[in-house]
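Visitor: For the sequence shown, full-length UniProt numbering gives the first residue as 1, with consecutive numbering after it. Even glycine gets a Cβ: it sits at the ideal position worked out from N, Cα and C. Before anything else, here's the structure in question.
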Amino acid sequence: MTSNRSTGRPRDETLDTAIMRAAIDLVDERGYAAVTIDAIAERAKTSKTAIYRRWPKKAAIVMEAFLVAAEPLITPPDNLPFRDTVIAQMTALAKFFQTTPGGRTITDLIAVAKTDAALADAIRENWLIPRRTVACAYFQAAQKAGELRDGIDTSALIDALYGPLYFRLLLGHDAIDRSFIEHIVDMAMMGIAPNQEKSS
Numbered sequence: 001m002t003s004n005r006s007t008g009r010p011r012d013e014t015l016d017t018a019i020m021r022a023a024i025d026l027v028d029e030r031g032y033a034a035v036t037i038d039a040i041a042e043r044a045k046t047s048k049t050a051i052y053r054r055w056p057k058k059a060a061i062v063m064e065a066f067l068v069a070a071e072p073l074i075t076p077p078d079n080l081p082f083r084d085t086v087i088a089q090m091t092a093l094a095k096f097f098q099t100t101p102g103g104r105t106i107t108d109l110i111a112v113a114k115t116d117a118a119l120a121d122a123i124r125e126n127w128l129i130p131r132r133t134v135a136c137a138y139f140q141a142a143q144k145a146g147e148l149r150d151g152i153d154t155s156a157l158i159d160a161l162y163g164p165l166y167f168r169l170l171l172g173h174d175a176i177d178r179s180f181i182e183h184i185v186d187m188a189m190m191g192i193a194p195n196q197e198k199s200s
């Protein structure tokens with residue numbers, strides 16, 4: 001499921017967009033389980049045949065629509081200190097997950113992925129791995145620039161920073177706001193900031 005697109009004659013990108021928009025809006029309105037290919041076709045003013053020429057199933061449509069919506073969030077902001085960059089990126093991600101139809105589908109996708117191995121692979125290959133690759137590169141660059149101490153496991157640092165965000169997102173037991181994100185980042189900074197020499 002790495003590539004959800006079918007091969008064949010040239011695609012009508014306008015129709016692609018309409019189908020993905022219809023799928024995302026319907027999931028946001030009704031919940032993932034209640035949405036059918038028939039409903040997506042009706043909302044997008046197209047046929048089920050046209051949809052199946054493009055995607056093999058509903059999960060593939062929703063996954064691609066999510067990735068398209070999330071694309072601007074992949075790259076961290078430029079020219080900010082490490083702490084400010086991470087807070088800005090995490091805040092933008094939390095806002096996307098909580099306030100946009102595309103972002104809100106992530107909880108449905110994760111839930112379905114528990115019983116859909118192909119979707120789980122697609123989430124890992126198209127969302128998690130690319131994001132972790134970018135984050136690891138940024139954290140390693142911050143280490144070289146002296147913003148983080150040497151010897152940090154950058155993969156574990158990603159989990160420590162972003163894990164609480166996904167935890168609250170999935171369980172919905174408390175807010176994901178800037179104050180919470182700053183608290184998480186500041187706790188992490190206590191263990192990853194460069195060692196400071198004690199003043200004499």
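Where do the N-terminal and C-terminal ends of the alpha helix (DSSP H) with Val112 fall, by residue?
Guide: Its alpha helix (DSSP H) spans residues Pro101 to Ala113.
Visitor: Determine the closest residue to Glu64 out of Ala122, Lys144, Cys136 and Ala141, with distance taken between C-alpha atoms.
Guide: For the residues Ala122, Lys144, Cys136 and Ala141, the minimum Cα distance to Glu64 belongs to Ala122.
Visitor: Where in the stretch 59–143 do unbroken runs of the alpha helix (DSSP H), each at least 4 residues long, occur, reported from the N-terminal end onward?
Guide: Taking only runs of at least 4 residues, the alpha helix (DSSP H) segments lying wholly in the stretch 59–143 are 82–99, 101–113 and 117–123.
Visitor: Would you kindly check if the distance between the Cβ of Thr105 and the Cβ of Ile24 is under 8 Å?
Guide: Yes, the pair counts as a contact, with Cβ atoms nearer than the cut-off.
Visitor: Closest to Lys114 by CA distance: which of Leu161, Ala59 and Ala145 is it?
Guide: Closest by alpha carbon: Ala59.
Visitor: Pair every Cβ in the stretch 181–193 with every Cβ in the stretch 81–91, then say whether three or more of these pairs are closer than 8 Å.
Guide: Taking 8 Å as the limit for Cβ pairs, the verdict is that the stretch 81–91 does touch the stretch 181–193.
Visitor: To the nearest angstrom, how far is the alpha carbon of Val35 from that of Ala22?
Guide: Whole-angstrom Cα-Cα distance: 10 Å.
Visitor: Let's test the definition: count the other Cβ atoms within 10 Å of the Cβ of Asn126 and tell me whether it reaches 16, buried, or not, exposed.
Guide: Answer is buried; the Cβ neighbour count reaches 16.
Visitor: Report the three-state DSSP secondary structure of His183 (helix, strand or coil).
Guide: Three-state result, His183: helix.
Visitor: State buried or exposed for Asp16, treating a residue as buried only when at least 16 other CB atoms are found within 10 Å of its CB.
Guide: So Asp16 ends up on the buried side.
Visitor: What does the alpha-carbon distance come out to for the pair Leu171 and Leu165?
Guide: When rounded, the distance between both Cα atoms is 10 Å.
Visitor: Terminal residues of the continuous alpha helix (DSSP H) containing Gly163?
Guide: Element bounds for Gly163: Thr154 to Leu171.
Visitor: Should Ala137 go down as buried or exposed, given a rule of 16 or more other Cβ atoms within 10 Å for buried?
Guide: Exposed, since its Cβ has fewer than 16 Cβ neighbours within 10 Å.
Visitor: Can you grab the Cα-Cα spacing for the pair Glu147 / Ser155, in whole Å?
Guide: Cα-Cα distance, rounded: 17 Å.
Visitor: What did DSSP end up calling residue 212 once you bin it into helix, strand or coil?
Guide: Any question about residue 212 goes unanswered here, given that the chain covers just 1 to 200.
Visitor: What's the C-alpha gap between Lys144 and Asp150?
Guide: Straight-line Cα distance between these residues: approximately 8 Å.
Visitor: Secondary structure at Gly191, three-state DSSP: helix, strand or coil?
Guide: Correct three-state label for Gly191: helix.
Visitor: In its own chain, which residues sit with a C-beta less than 8 Å from the C-beta of Glu71, not counting the 5 before and 5 after it?
Guide: Excluding positions up to five away in sequence, the list is empty.
Visitor: Going by the CB atoms, is the gap between Pro101 and Asp28 shorter than 8 Å?
Guide: Yes. Within cutoff.
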